[in-house]
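Protein chains in written order, with the working numbering: chain A, 5 to 365; chain B, 49 to 316; chain C, 30 to 300. All residues carry an ideal CB built from backbone N, CA and C; glycine is no exception. Everything on this sheet refers to the single structure shown next.
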């Protein structure tokens, strides 16, 4: 077992009468890319702020490198933050901004010069050393903010929605660069975002949060393929979620039909929800389909068609198809047993993991 | 508002009101060059009243007093007001913040006579003799809230992540204050300082109450002379003060535009 | 920074709050219960509310302040409106601000010259065939001069609220078929009400107590609460009575603030 660099134990945070964090516990290992993912107000930034030391937790413990740091002020914590609005100091130029952490620490001038140069090189902006902050584009400011945060060589870098202010294309580029930077530095990144695509693309491990709690943690693939509940399934990727009943292991019923599936471990006849991802649905002729639906609208998305269809009970189905179909046509939908993922109501994460462990692998 | 769409009537109205605003001032200054001694008949150009003014040792001393009071009180009130603004901004609970703001605004909205009268009672109760010190203290007192109000918007503009970033990078409280916060709110501090100067120069009522027999500022002096009737020396004085104001405005706008120019580039 | 250091840092501001905000208000209330011989009494309040003199004086003060505010508003609103539509409006508003930098006393003094028996205004009257009038030392002259002094302070908040209106609202209104006048009525005036309110606040309260103007321009005919306070404090030395009037002024100030309750800021828009 690796020694965790960051550990939270039963952390609660209360603002006035409301809990922003409810019993948060997790461990972060060295050198990995973690993401806290959730809608705004779910508490993800509060976790970041508690680790950085900008806010005090109400109860519970925060450990850094094995030591409790609950009462350590932010300027004594050996980790750094990249802020959502970058928080570059407008009264200083690029060099002064990046050097700030070393200047306040009283590092010798020559050394500062070298290290600033190296940090700027890391983010490929070494030519911008004498620029004013106001002369930089959003993307460049973003990189300077990163350079400034890594100059102190922290073991953990906290990133608070750092890409949210960038336009779509730049954001994609920065996703690659951040991932690359993390691997080159070999330090732990804790990244906060509400953008599930970003989280799936970059992370080694994702924590999905809602209303102050961590709902599910796992690799991007695990979370995408096996969401624990309705919220996670809906939040991560696009999905069709249908109410159903688990007849017995590997057999589920919904919309009046019974289907073979790949899930087990539930009570007989337990009410459940079924997730089918839009890209797992295949359109065939009405006769061949397991379900019959009527096409409502279709939008061309470039690499696929996004089709919305309605079944005879009025449920909407979202389908991603490489081929177009006709508006108002009756078509059939097919899917295999492993394209379905069955979710129980109110299942805790540990029970969920145990159940999956009993029949997977 | 849509710019550049003023009607003919609108323009005439503007000209009219601007004339109204400036006629008294222009009138005052033109007559300062009058040969005669009244504001009724202009008998010819001359600098005689300016010569009179500059040889009036008493008036010059009062002028210097006024400037001294204005500068000293502004420096002090800028210090205290900036601290006050930081205090208000740091207040965690909204209630506390509102209470501070409410208390802060009392002196701003109170009628001058009330401020003057209450300060007079206060100094007398303390046994402080009326004169230079009582005037200085009063000026500091009524300038502080305006400094607070000038600095606060800049503090509000400063995102909290700026301070967090400095702390995150290891800066101590003092380093954060001196290297990040103060430079950022500097335009507000300068604006507050200039506002304090104008408040001080402009004040008549409060000074009138708390100044004793020995000490006078220009406002009070003008008042007592004006009550005795026209003296073109006052016109000459107003000419000088007008130029003084112009210089002050120019200096302020120069400073302000320089710092705003920087900000504008950033927004673009 | 430790807690103690922080406390030390904020001390000057707290000292100011205590000594120059809370204590003076407290003292003025305290003194209002003492008569001229330093005896604790309610007599001052009885005099104030019992005798017609003070009540009429209060009514007059309020009436004067109301008229001053009204005249200033009527002149200022169109002024602010037209300036906000000018190309170089920043420059023109600066020209409005400039007179406020001239000492109030000097402006009052200018009017002594302008309005005197042989002054410029009377000369203009003569051109139109009126004989010279006694203008100085009348209620009218007091009100007009006070309004003159307050106009810039009224224009500024209104101007600020006008420039805050995004031009797309006005375009939208025109686009939907409203005439200019309808746009002013239905869009611009409602949206600038906060500015008008703070302008009224800025002008009305000082107008209650412009004692130097009533002395210089109104002669001694115009007696307002302000002049009464000044007289009791500096001439008759009846501080108790002066404080009582002061308390009444403070209360009316609070009432005005409550009625026009927007931002409690005064003249700070000058920049």
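Selected residue, minimal CA-CA separation from residue 108 of chain A, among B:106, B:305, B:215: Along the first chain, one-based indexing puts residue 108 of chain A at 104. Minimum Cα distance to residue 108 of chain A is reached at B:215.
When DSSP builds the beta bridges, which residues end up paired with residue 261 of chain A? For this step, residue 261 of chain A is matched to residue 257 along the first chain. DSSP output for residue 261 of chain A lists A:258 as bridge partner(s).
Taking the straight line between their C-alpha atoms, what separation do you get for residue 177 of chain B and residue 116 of chain B? For this step, residue 177 of chain B is matched to residue 129 along the second chain. For this step, residue 116 of chain B is matched to residue 68 along the second chain. Approximately 19 Å between the Cα atoms of the pair.
Less than 8 Å between CB atoms is the rule here; does residue 42 of chain C satisfy it with respect to chain B? Locating residue 42 of chain C in the third chain gives position 13, counting from the first residue. Yes, contact with chain B.
Please state if the CB of residue 232 of chain C and the CB of residue 154 of chain B are separated by a distance shorter than 8 Å. Along the second chain, one-based indexing puts residue 154 of chain B at 106. Along the third chain, one-based indexing puts residue 232 of chain C at 203. Result no, Cβ atoms of residue 154 of chain B and residue 232 of chain C do not sit closer than 8 Å.
Residue 359 of chain A and residue 276 of chain A closer than 8 Å at C-beta: In the first chain, residue 359 of chain A corresponds to position 355, counting from 1. In the first chain, residue 276 of chain A corresponds to position 272, counting from 1. Taking 8 Å as the Cβ cut-off, residue 359 of chain A and residue 276 of chain A do not qualify as a contacting pair.
Quick one: Cα of residue 219 of chain B to Cα of residue 104 of chain A, how far? As a first step, residue 219 of chain B is located in the second chain; it is residue number 171 there, counting from the start. As a first step, residue 104 of chain A is located in the first chain; it is residue number 100 there, counting from the start. So the alpha carbons of these two residues sit roughly 8 Å apart.
Rounded to the nearest angstrom, what separates residue 261 of chain C and residue 279 of chain C at their Cα positions? Mapped onto the third chain, residue 261 of chain C falls at position 232. Mapped onto the third chain, residue 279 of chain C falls at position 250. Cα to Cα, residue 261 of chain C sits roughly 16 Å from residue 279 of chain C.
Considering Cα atoms alone, identify which of C:251, C:129, C:157 is closest to residue 167 of chain C. In the third chain, counting from the first residue as 1, residue 167 of chain C sits at position 138. That would be C:251, whose Cα lies nearest to the Cα of residue 167 of chain C.
Can you name the start and end residues of the beta strand (DSSP E) that residue 288 of chain A belongs to? Here residue 288 of chain A corresponds to residue number 284 of the first chain, with the count starting at 1. Taken as a continuous stretch (DSSP letters only), the beta strand (DSSP E) holding residue 288 of chain A covers 286-288.
Bridge partners of residue 344 of chain A, per DSSP? To locate residue 344 of chain A, count along the first chain from 1; it is residue 340. The partner list for residue 344 of chain A (beta bridge, DSSP) reads A:280.
Using the Cα positions of residue 242 of chain A and residue 312 of chain A, report the straight-line distance between them to the nearest angstrom. Residue mapping note: residue 242 of chain A aligns to position 238 of the first chain, counting from 1. Residue mapping note: residue 312 of chain A aligns to position 308 of the first chain, counting from 1. Straight-line Cα distance between these residues: approximately 12 Å.
In angstroms, rounded to a whole number, what distance separates the CA positions of residue 250 of chain A and residue 257 of chain A? Start at 1 with the first residue of the first chain, and residue 250 of chain A comes out as number 246. Start at 1 with the first residue of the first chain, and residue 257 of chain A comes out as number 253. Spanning the two alpha carbons is a distance of roughly 6 Å.
Inter-residue CB distance, residue 76 of chain A and residue 148 of chain A (contact presumed, cutoff 8 Å): For this step, residue 76 of chain A is matched to residue 72 along the first chain. For this step, residue 148 of chain A is matched to residue 144 along the first chain. So it is not a contact: roughly 27 Å between Cβ atoms.
If we count Cβ pairs, one from each stretch, closer than 8 Å, do we get three or more for the region 267-282 of chain B versus the region 97-104 of chain B? yes
What residue does the beta strand (DSSP E) around residue 86 of chain A start on, and which one ends it? For the purposes of this step, residue 86 of chain A is identified with residue 82 of the first chain, where counting begins at 1. Start and end: 84-86.
Taking the beta carbon of residue 56 of chain C as the centre, do at least 16 other beta carbons fall within 10 Å, making it buried, or is it exposed? In the third chain, residue 56 of chain C corresponds to position 27, counting from 1. The residue in question, residue 56 of chain C, is buried, as its Cβ has 16 or more Cβ neighbours within 10 Å.
Under DSSP, the alpha helix (DSSP H) around residue 236 of chain A begins and ends at which residues? Position 232 of the first chain holds residue 236 of chain A. Per DSSP, residue 236 of chain A belongs to the alpha helix (DSSP H) from 234-239.
Please report the Cβ distance between residue 162 of chain A and residue 85 of chain A, rounded to the nearest whole angstrom; I am assuming they are in contact, meaning their Cβ atoms lie under 8 Å. Working through the first chain from its first residue, we reach residue 162 of chain A at position 158. Working through the first chain from its first residue, we reach residue 85 of chain A at position 81. Right, their Cβ atoms sit about 4 Å apart.
Where residue 240 of chain C meets chain B, residues with beta-carbon distance less than 8 Å: For the purposes of this step, residue 240 of chain C is identified with residue 211 of the third chain, where counting begins at 1. The answer, in chain order, is 161, 253.
Length of the line joining the Cα atoms of residue 246 of chain C and residue 240 of chain C: Sequence index remark: in the third chain, residue 246 of chain C carries index 217 (1-based). Sequence index remark: in the third chain, residue 240 of chain C carries index 211 (1-based). Using only the alpha carbons, I get a separation of about 10 Å.
Using a C-beta cutoff of 8 Å, does residue 277 of chain C count as contacting chain B? Sequence index remark: in the third chain, residue 277 of chain C carries index 248 (1-based). Closer than 8 Å: no.
Short check: CB of residue 308 of chain A to CB of residue 288 of chain A, under 8 Å? For the purposes of this step, residue 308 of chain A is taken as the residue at position 304 of the first chain. For the purposes of this step, residue 288 of chain A is taken as the residue at position 284 of the first chain. Not a contact, by the Cβ cut-off of 8 Å.
Does any CB atom of chain B fall closer than 8 Å to the CB of residue 77 of chain C? Looking up residue 77 of chain C in the third chain gives position 48. Judged by the 8 Å Cβ criterion, residue 77 of chain C is not in contact with chain B.
Going by CA-CA distance only, name the one from A:172, A:344, A:83, A:331 that's closest to residue 201 of chain A. On the first chain, residue 201 of chain A is found 197 positions in, with the first residue counted as 1. Nearest C-alpha to residue 201 of chain A: A:172.
Among C:153, C:269, C:235, C:214, the one whose alpha carbon lies nearest that of residue 91 of chain C: To locate residue 91 of chain C, count along the third chain from 1; it is residue 62. Considering only alpha carbons, the answer is C:235.
For a test of the three-state rule: what should DSSP assign to residue 281 of chain B, helix, strand or coil? If you number the second chain from 1, residue 281 of chain B lands on position 233. Note: residue 281 of chain B maps to helix in three-state DSSP.
Go through the region 249-308 of chain B residue by residue and report every complete run of the alpha helix (DSSP H) that reaches 4 residues or more, in order. 253-258, 266-275
Just reading off the alpha helix (DSSP H) that residue 59 of chain B is part of, what are its end residues? Along the second chain, one-based indexing puts residue 59 of chain B at 11. Residue 59 of chain B -> alpha helix (DSSP H) spans 56-79.
Closest to residue 23 of chain A by C-alpha separation, out of A:48, A:7, A:177, A:34, would be which residue? Walking along the first chain from the start, residue 23 of chain A turns up at place 19. Per the Cα distances, A:48.
What separation, rounded to the nearest whole angstrom, lies between the Cα atoms of residue 204 of chain A and residue 237 of chain A? Translated into positions along the first chain, residue 204 of chain A becomes position 200. Translated into positions along the first chain, residue 237 of chain A becomes position 233. Using only the alpha carbons, I get a separation of about 13 Å.
Which same chain residues end up closer than 8 Å to residue 299 of chain C when comparing Cβ atoms and leaving out the 5 residues on each side of it in sequence? The residue labelled residue 299 of chain C in the question sits at position 270 within the third chain. At residue 299 of chain C, the pLDDT of 39 sits below 50, so the modelled position is not reliable; the number obtained from the coordinates is stated separately. The residues are 126, 129, 185.
Presumed contact (8 Å Cβ cut-off) between residue 228 of chain B and residue 210 of chain B, rounded CB distance: Within the second chain, numbered from 1, the residue matching residue 228 of chain B stands at position 180. Within the second chain, numbered from 1, the residue matching residue 210 of chain B stands at position 162. Yes, they are in contact, since the Cβ atoms of residue 228 of chain B and residue 210 of chain B sit about 6 Å apart, within 8 Å.
Min CB distance residue 180 of chain C to chain B below 8 Å: As a first step, residue 180 of chain C is located in the third chain; it is residue number 151 there, counting from the start. Yes, residue 180 of chain C lies at the interface with chain B (some Cβ there is under 8 Å from its Cβ).
Can you grab the Cα-Cα spacing for the pair residue 265 of chain B / residue 191 of chain B, in whole Å? Taking the second chain and counting its residues from 1, the one referred to as residue 265 of chain B is at position 217. Taking the second chain and counting its residues from 1, the one referred to as residue 191 of chain B is at position 143. The alpha-carbon atoms of residue 265 of chain B and residue 191 of chain B are separated by roughly 16 Å.
Which one of B:167, B:237, B:226 has the shortest CA to CA distance from residue 53 of chain C? Here residue 53 of chain C refers to the residue found at position 24 when the third chain is read from its first residue. Comparing Cα positions, the closest option is B:167.
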